[in-house]
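Colleague: Sequential numbering from 1 applies to the sequence shown in the UniProt record's numbering.
All C-beta atoms in this analysis are idealised placements derived from N, C-alpha and C, irrespective of residue type, glycine included.
On a predicted model such as this, the values are computed, not experimentally measured, just so you know.
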Amino acid sequence: MKSMGIAEVVESRGSDVPNVAIIEPQHDLPITHFLGALGLPGHTAYYALTQIVKAKKGEAIVISGAAGAVGTMAVQIAKKMIGCRKVIGIAGSDEKCRWVEKLGADICLNYKSEAFKQQLTKETEGFVEIYFDNVGGEILDFMLTRLTKFGRVVACGSISNYNRDGNAVGLKNYFEVIAMRLQITGFINLDWVEHLPEVRAILLDEWKKGTIVIDNESEMVVETAFEEIPRTWMMLYSGGNTGKLVTKLKY
Numbered sequence: 001m002k003s004m005g006i007a008e009v010v011e012s013r014g015s016d017v018p019n020v021a022i023i024e025p026q027h028d029l030p031i032t033h034f035l036g037a038l039g040l041p042g043h044t045a046y047y048a049l050t051q052i053v054k055a056k057k058g059e060a061i062v063i064s065g066a067a068g069a070v071g072t073m074a075v076q077i078a079k080k081m082i083g084c085r086k087v088i089g090i091a092g093s094d095e096k097c098r099w100v101e102k103l104g105a106d107i108c109l110n111y112k113s114e115a116f117k118q119q120l121t122k123e124t125e126g127f128v129e130i131y132f133d134n135v136g137g138e139i140l141d142f143m144l145t146r147l148t149k150f151g152r153v154v155a156c157g158s159i160s161n162y163n164r165d166g167n168a169v170g171l172k173n174y175f176e177v178i179a180m181r182l183q184i185t186g187f188i189n190l191d192w193v194e195h196l197p198e199v200r201a202i203l204l205d206e207w208k209k210g211t212i213v214i215d216n217e218s219e220m221v222v223e224t225a226f227e228e229i230p231r232t233w234m235m236l237y238s239g240g241n242t243g244k245l246v247t248k249l250k251y
């Protein structure tokens, strides 16, 4: 039995089911990393790449939301574990882009730059095999024109449209899906959540070997009063966080 948040078991027929279960810190890692890089975000990045788009060594990939919880792990897994020949990140500031490059991206582009589309066109010359979509909207639409024939898209998020009140950005380049025989697959990690322990073990092993980076820069822990949680979570929609945003309740 798994909980997707804070919960208490109030009744169970199983004598060995505790009222609460707490993950104990491992290898001197803060427990908060088991909500981010070693939790569902890391699990999402790993399974989306290995099982949905089946990324292969030598392929090129573009990852949007590259400075977020899922994106930072996707960059590292694609480059350092799978061996993609080129990993292009997309983030919302020059500072975030430099951090994404530090994690392993060959280059990271600031989508707020006026030259963004020209830069992305240049960096995807020859086209790319995979697009890891965390944002939807205009960037997804443009990326449909930058994929090679039989290119693959894993749709993990659409954060650009979450707060548009029904005015979501549509796709103008949809015909590219037909012309280039593109494959777009939606992904929600709940379909694979039973594999979370094995993925955590894989990522922990790669961290211990020094393949991937999991440190304080991988998360942003914000101490917040309960009534202020919605305000804190709005950082997710304004680009105010890097890595995993963790809410620590202030008592």
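With DSSP collapsed to three states, give me the class of residue 95.
Modeller: Counted from its first residue, the sequence shown places residue 95 at position 95. Note: residue 95 maps to helix in three-state DSSP.
Colleague: Any chance you could list the beta strand (DSSP E) runs of at least 3 consecutive residues sitting entirely within the region 136 to 162, in chain order?
Modeller: 147 to 155
Colleague: How many Å lie between residue 28 and residue 73 at the Cα?
Modeller: For the purposes of this step, residue 28 is taken as the residue at position 28 of the sequence shown. For the purposes of this step, residue 73 is taken as the residue at position 73 of the sequence shown. One C-alpha to the other measures close to 20 Å.
Colleague: My output table needs one value for residue 189: the three-state DSSP class, helix, strand or coil.
Modeller: Taking the sequence shown and counting its residues from 1, one reaches residue 189 at position 189. If DSSP states are grouped into helix, strand and coil, residue 189 belongs with the helices.
Colleague: Pull up the DSSP beta-bridge partners for residue 133, would you.
Modeller: On the sequence shown, residue 133 is found 133 positions in, with the first residue counted as 1. Residue 133 is bridged to 155.
Colleague: Given this structure, state the Cα-to-Cα distance separating residue 188 from residue 119, to the nearest angstrom.
Modeller: Residue 188 sits at position 188 when you count from the first residue of the sequence shown. Residue 119 sits at position 119 when you count from the first residue of the sequence shown. Each residue's Cα considered, the two are about 30 Å apart.
Colleague: Let me confirm a value: residue 133 is counted as buried when at least 16 other C-beta atoms fall within 10 Å, else exposed. Which label applies?
Modeller: For the purposes of this step, residue 133 is taken as the residue at position 133 of the sequence shown. The Cβ neighbour count for residue 133, taken over all protein chains shown within 10 Å, is at least 16; the residue is labelled buried.
Colleague: Quick one: what does DSSP say residue 90 is sitting in, helix, strand or coil?
Modeller: Along the sequence shown, read from residue 1 onward, the residue named residue 90 stands at position 90. Residue 90: strand per DSSP, three-state reduction.
Colleague: Using 10 angstroms around the beta-carbon of residue 200, count the other beta-carbons present and answer buried if the total reaches 16, otherwise exposed.
Modeller: Counted from its first residue, the sequence shown places residue 200 at position 200. Residue 200 should be labelled buried.
Colleague: Considering only residues of the same chain and omitting the five flanking positions on each side of residue 18, which have a CB-CB separation below 6 Å?
Modeller: Locating residue 18 in the sequence shown gives position 18, counting from the first residue. The beta carbon of residue 18 sits closer than 6 Å to none of the beta carbons in its chain outside the five residues before and after it.
Colleague: Might you give, ordered along the chain, the residues of its own chain that have their beta carbon closer than 7 Å to the beta carbon of residue 235, omitting 5 neighbours on each side?
Modeller: Residue 235 sits at position 235 when you count from the first residue of the sequence shown. 241, 245, listed in sequence order.
Colleague: Taking 8 Å as the threshold (C-beta atoms), are residue 247 and residue 222 in contact?
Modeller: In the sequence shown, counting from the first residue as 1, residue 222 sits at position 222. In the sequence shown, counting from the first residue as 1, residue 247 sits at position 247. For residue 222 and residue 247, yes; Cβs fall inside 8 Å.
Colleague: Between residue 211 and the rest of its own chain, which residues show a CB-CB distance below 7 Å, the 5 nearest in sequence each way excluded?
Modeller: Taking the first residue of the sequence shown as position 1, residue 211 is located at position 211. Excluding its 5 nearest sequence neighbours in each direction, residue 211 has C-beta neighbours in its own chain below 7 Å: 80, 81, listed in chain order.
Colleague: Taking the beta strand (DSSP E) that residue 214 belongs to, which residues open and close that run?
Modeller: Translated into the one-based positions of the sequence shown, residue 214 becomes position 214. No beta strand (DSSP E) contains residue 214, which DSSP labels as neither H nor E.
Colleague: In whole angstroms, what is the alpha-carbon distance linking residue 114 and residue 192?
Modeller: Numbered from its first residue, the sequence shown carries residue 114 at position 114. Numbered from its first residue, the sequence shown carries residue 192 at position 192. Approximately 39 Å, taken between the alpha carbons.
Colleague: Pop quiz: residue 130 and residue 64 are said to be a contact at Cβ under 8 Å. What is the actual Cβ separation, rounded to whole angstroms?
Modeller: Along the sequence shown, one-based indexing puts residue 130 at 130. Along the sequence shown, one-based indexing puts residue 64 at 64. Incorrect: roughly 12 Å between the Cβ atoms, too far for contact.
Colleague: Taking the straight line between their C-alpha atoms, what separation do you get for residue 38 and residue 156?
Modeller: Residue numbering aside, residue 38 sits at position 38 when the sequence shown is read from its first letter. Residue numbering aside, residue 156 sits at position 156 when the sequence shown is read from its first letter. C-alpha separation (whole angstroms): 17 Å.
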